[in-house]
Amino acid sequence: MKNSRIRKILVFLVILAVSGCGNSIGQKPSPLIEDITVGGLAGGALGAGTGALVGSLIKNGDVAASAMLGAAIGAPIGMIVKTKYRDFKDDMKIASNYAKIRERQKLIEKTELEIREAREKMHRESMMFEPDPDLRGEYIYTGPTLGIPQ
19 MKNSRIRKIL VFLVILAVSG CGNSIGQKPS PLIEDITVGG LAGGALGAGT
69 GALVGSLIKN GDVAASAMLG AAIGAPIGMI VKTKYRDFKD DMKIASNYAK
119 IRERQKLIEK TELEIREARE KMHRESMMFE PDPDLRGEYI YTGPTLGIPQ
């Protein structure tokens, strides 16, 4: 009687775990759901194995019940661990992106300063430009420009 009840519970848990992995045709599952499922299955499997091992070491221990208890404890722990690991990876990626942004912002500021200095230098030089009087035509513009005389 007890074994048939345990089998029914195991079958139910397996069906529940497998159906949670399903998705609609053509849709990619959410990465978060995927990680939770993988973590839960891995934690459940690890817990079941540990529970079965402990159950076999205990004198007169029920291996199946110990495995189920281990799976029941391991599945949520696996989900939490996998989710926290995902959060850690996301935080590391965000920190890396912020470091790249700061580095590139410094490069942008340096380039803007060089451009500003080049403009100021060109402006100062254009004010000092004196056209060649021998090339003076009837309508020559003598203002501050760097145009090529024709």
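Heads up, the sequence shown is in this note's numbering, so the first residue is 19 and it goes up one at a time.
Backbone N, C-alpha and C fix where the C-beta goes; we use that ideal spot for every residue, glycine too.
Quick caveat, the model's predicted, so the values are computed rather than measured.
Taken through DSSP and simplified to helix, strand or coil, I76 comes out as coil. In this structure, G67 sits away from M97, with a CB-CB distance that is not shorter than 9 Å. Nearest to G92 by alpha-carbon distance, out of I54, L75, E121 and S74, is I54. DSSP places D105 within a helical segment (H, G or I) once states are collapsed to three.
Here the alpha carbon of M110 sits roughly 15 Å from the alpha carbon of K100. Shown here, K46 sits in coil according to DSSP, grouped into three states, outside any helix or strand. Counting the other CB atoms within 10 Å of its CB gives S84 a total of 16 or more, which places it among the buried residues. For a cut-off of 8 Å, the C-beta gap from A82 to I24 is around 5 Å, short enough to register as a contact. Distance from G69 to L50 at the Cβ level is roughly 27 Å; contact not present, criterion being Cβ atoms closer than 8 Å. Counting the other CB atoms within 10 Å of its CB gives G65 a total of 16 or more, which places it among the buried residues.
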